[in-house]
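Residue numbers (the working numbering): 2 to 233.
Take a look at the structure:
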């Protein structure tokens with residue numbers, strides 16, 4: 002009787018071990034640098050175009066509502082409101098110093114993609130108003146929709162190892178090297194730049210601009226986290 006009980010327990014244990022082994026074999030392999038899905042050149046090109054188009058429309062919404070955003074785009078907006086110069090040209094010039102930082106710390110491929118995205122956005126923001134106009138736009142709606150479109154466009158670019166320069170380069174660098182959440186850093190930088198606009202645009206517009214920066218930052222905070230998107 003004792004030997005029979007031991008035999009049954011042994012068989013049951015073997016069965017459970019077999020089940021565990023089968024589940025272990027069915028489990029997907031862990032994501033490692035060797036088995037990451039790599040983007041093709043076409044993947045990168047369509048993402049850069051799509052992301053930049055989203056951002057260009059967001060910039061048009063902000064411009065029509067008299068708002069601005071943070072980072073180098075916000076600085077370009079401030080200069081645009083103060084001087085009347087084209088936002089697209091100012092945005093390209095303001096980002097020039099950040100190419101060196103990106104080249105040194107983020108790599109050649111990242112810098113080339115970023116330069117392409119910035120150049121494309123500079124052209125799009127100058128040409129978009131010729132083909133798209135909105136008759137009525139409340140600043141609150143522009144802040145929410147523009148913030149979401151801006152965050153979506155930046156997410157497209159970030160997942161394909163590109164950015165729109167300036168603060169975005171810095172936030173991606175700090176997330177990769179220090180583990181700082183990109184969304185939180187982006188909110189801090191953007192709100193700082195937007196608050197400086199009190200010297201240029203009315204306080205009410207600044208408030209709506211802060212709202213847009215928070216919407217964008219929260220979107221990135223939730224959707225852009227280390228290890229969430231397993232591709233390179």
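For each residue, glycine too, the CB sits at the ideal point set by N, CA and C.
Residue environment for residue 86: exposed (fewer than 16 other C-beta atoms within 10 angstroms of its C-beta). Nearest neighbour of residue 150 by Cα position, chosen from 199, 180, 63 and 120, turns out to be 63. DSSP places residue 167 in the coil class of the three-state scheme, outside both helix and strand. Inclusion of residue 53 and residue 125 in the CB contact set at 8 Å is warranted, their separation being smaller than that value. Secondary structure at residue 41: coil, using DSSP grouped into helix, strand and coil. Taking residue 51 as the centre and dropping the five residues before and after it, the same chain places the C-beta of 157 closer than 6 Å to its C-beta, in chain order. Taking 8 Å as the cut-off, the Cβ atoms of residue 68 and residue 143 count as close.
If you draw a straight line from the Cα of residue 49 to the Cα of residue 211, it is about 26 Å long. Around the beta carbon of residue 43, a 10 Å sphere encloses fewer than 16 other beta carbons of the protein chains shown; the residue is thus reported as exposed. Setting aside the 5 residues that flank it on each side, residue 127 is surrounded in the same chain by 87, 88, 89 and 90, each with a C-beta closer than 8 Å to its C-beta; the list follows chain order.
Annotation: residue 161 to residue 115 spans about 10 Å, alpha carbon to alpha carbon.
Looking from the CA of residue 105, the closest CA among 182, 209 and 174 belongs to 174. Leaving aside the five residues that flank residue 96 on each side, the residues in its chain whose CB is nearer than 7 Å to its CB run, in chain order, 73, 119, 166 and 167. For the pair of segments examined, the segment 172-192 was found to touch the segment 204-223: the number of CB pairs separated by less than 8 Å reaches three. Excluding residues up to 5 positions away in sequence, nothing lies with its Cβ nearer than 6 Å to the Cβ of residue 41 in the same chain. About 11 Å separates the CB atoms of residue 213 and residue 188; that is not less than 8 Å, and the two are not in contact.
Per DSSP, residue 181 is not a residue of any alpha helix (DSSP H), being assigned neither H nor E. Nearest to residue 135 by alpha-carbon distance, out of 75, 219 and 59, is 59. In this model, residue 204 and residue 195 are separated by some 10 Å (Cα to Cα).
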